[in-house]
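Input: a single structure, listed below in structure tokens.
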Amino acid sequence: MSLTLINKELLEDNDCFGCGHVNEHGLKIAVFRDSEDDTRLLGRLDAKTHMTGFPGMMHGGVIYTALDCLSSWVPTILLAEIRAAWVLRSATIKYLRPVLGTKLIDLSAKIEASVPAWQAVSVQAEARNAAGKLLVSGRFKMVPLSLDRFKNVAGLDELPLNWQRLLGETQA
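So the sequence shown is numbered by the numbering used here: it starts at 7 and just counts up by one.
Here it is as structure tokens:
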């Protein structure tokens, strides 16, 4: 089965540290739709030796960053009718088991409950090892910002072209 990488297909030349495939120093997580559950997105993180914290263990911040990034994709894709830039307001995370060695880590995330349009959503995200054991779980509160508000907050006159295409903003 071939998986379409959402973050590669919909956001070309993405240099995000978490999900950008052109960022040579980034995590390069893969983001794709769950073929069995259309309310959830899946991800994959290929653990590398430079992601080590304590010898032989992945740094907790790497997993956090991967789940944060996946959590912003969830409303961007699953609530696409809301043309917003979804940003992190707050998060809680539980580290249940260490991520040992350099292995593929499976990620998943979904919106916990329906909310009215333009309201913050709570995204439940988790990381599991190849055996399916839960390693990390987290709850990420994502807030929608209008594109004008996002540009103002980010100090941008305009969004990069790839983000304009993703979020449906047209240039005047």
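Every residue gets a Cβ at the ideal spot worked out from N, C-alpha and C, and that includes glycine.
Where residue i sits in the DSSP three-state scheme
{"i": "Q130", "result": "strand"}
{"i": "S96", "result": "strand"}
{"i": "G139", "result": "Residue identity differs from the one stated: residue 139 is Lys in this sequence, not Gly. Residue state, collapsed to three classes: coil."}
{"i": "V68", "result": "helix"}
{"i": "L172", "result": "helix"}
{"i": "R50", "result": "strand"}
{"i": "A90", "result": "strand"}
{"i": "A115", "result": "strand"}
{"i": "A160", "result": "helix"}
{"i": "P81", "result": "helix"}
{"i": "R155", "result": "helix"}
{"i": "T58", "result": "strand"}
Between the CA atoms of residue j and residue i - distance to the nearest angstrom
{"i": "M57", "j": "K116", "result": "25 Å"}
{"i": "N168", "j": "G26", "result": "12 Å"}
{"i": "S143", "j": "L73", "result": "9 Å"}
{"i": "E87", "j": "K34", "result": "26 Å"}
{"i": "L102", "j": "R155", "result": "37 Å"}
{"i": "V37", "j": "K54", "result": "18 Å"}
{"i": "G24", "j": "H31", "result": "10 Å"}
{"i": "A91", "j": "P61", "result": "37 Å"}
{"i": "D163", "j": "K157", "result": "6 Å"}
Candidates the options, of which the one nearest residue i by Cα
{"i": "I69", "options": "V93, E42, V159 and L110", "result": "L110"}
{"i": "L11", "options": "L33, D43 and R50", "result": "R50"}
{"i": "L76", "options": "P166, A133, L162 and G161", "result": "A133"}
{"i": "K139", "options": "D154, E87, G24 and L113", "result": "L113"}
{"i": "K100", "options": "G67, T55, G161 and N13", "result": "G67"}
{"i": "G107", "options": "G24, E175 and A136", "result": "A136"}
{"i": "M85", "options": "S41, L47, L165 and G161", "result": "For clarity, residue 85 is Leu in the given sequence; the question names Met instead. Minimum Cα distance to L85 is reached at L47."}
{"i": "G59", "options": "P104, S152, L141 and D52", "result": "P104"}
Practice problem: Say whether the stretch 84-95 touches the stretch 142-149, bearing in mind that this needs 3 or more beta-carbon pairs closer than 8 Å, one atom from each stretch. | Solution: yes
Practice problem: Check whether the stretch 78-89 touches the stretch 117-130, taking contact to mean three or more Cβ pairs, one atom from each stretch, closer than 8 Å. | Solution: They touch, by the three-pair rule.
Self-check item: Meets three-Cβ-pair contact criterion under 8 Å: the stretch 156-172 and the stretch 16-30
Solution: yes
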